[in-house]
Amino acid sequence: MDRDRKDRLPMTVQTVKLGRERFVLLREKDYRDLKAKAARGGRVREGRRLTAQDRGDIAEAVRRRNEPARPYARLRKELGLA
Numbered sequence: 715m716d717r718d719r720k721d722r723l724p725m726t727v728q729t730v731k732l733g734r735e736r737f738v739l740l741r742e743k744d745y746r747d748l749k750a751k752a753a754r755g756g757r758v759r760e761g762r763r764l765t766a767q768d769r770g771d772i773a774e775a776v777r778r779r780n781e782p783a784r785p786y787a788r789l790r791k792e793l794g795l796a
């Protein structure tokens, strides 16, 4: 079975009643996953790390976003399309 799909399957939980108290039993891995998810504020962790190419693409996108924009009409004039 695909690992990503396996991680999304619901966990099996068993309840046990001792006296008047109910206890929930679950796998240790599921407990650790829930604990880590709670520490992250409920956000889901991505399984893929950024490569050098990805970081470069992000840096270029940020650089281009911060460049001053040129009006479309002026750009058409510069290219000789107007």
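Per our numbering, the sequence shown starts with residue 715, numbered consecutively.
Yeah, the Cβ is synthetic: ideal placement off N, Cα and C, and Gly gets one too.
Take residue i as the anchor and find which of the options has the nearest alpha-carbon.
i      : options                        : result
Thr737 : Asp744, Lys743, Gln728, Tyr745 : Per the sequence presented here, residue 737 reads as Phe, with Thr not at that position. The residue with the shortest Cα to Cα distance from Phe737 is Gln728.
When the Cα atoms are used, what is the spatial distance from residue i to residue j?
i      : j      : result
Val735 : Glu742 : In the sequence on display, residue 735 carries Glu and not Val. Taking the straight line joining both Cα atoms gives about 21 Å.
Ala796 : Tyr786 : 10 Å
Glu781 : Ala775 : 10 Å
Asp747 : Gln767 : 30 Å
Tyr695 : Arg779 : The shown model of the chain, from 715 to 796, leaves out residue 695, and the question about it has no answer.
Leu789 : Thr765 : 34 Å
Arg777 : Ala753 : 33 Å
Kindly give me the distance between the Cβ atoms of residue i and residue j, rounded to whole angstroms, as I take these residues to be in contact under 8 Å.
i      : j      : result
Leu740 : Val730 : With 8 Å as the limit, Leu740 and Val730 do not qualify as a contact, their Cβ atoms being about 11 Å apart.
Excluding sequence positions up to five away, which residues of its chain have a Cβ less than 7 Å from the Cβ of residue i?
i      : result
Ile772 : none
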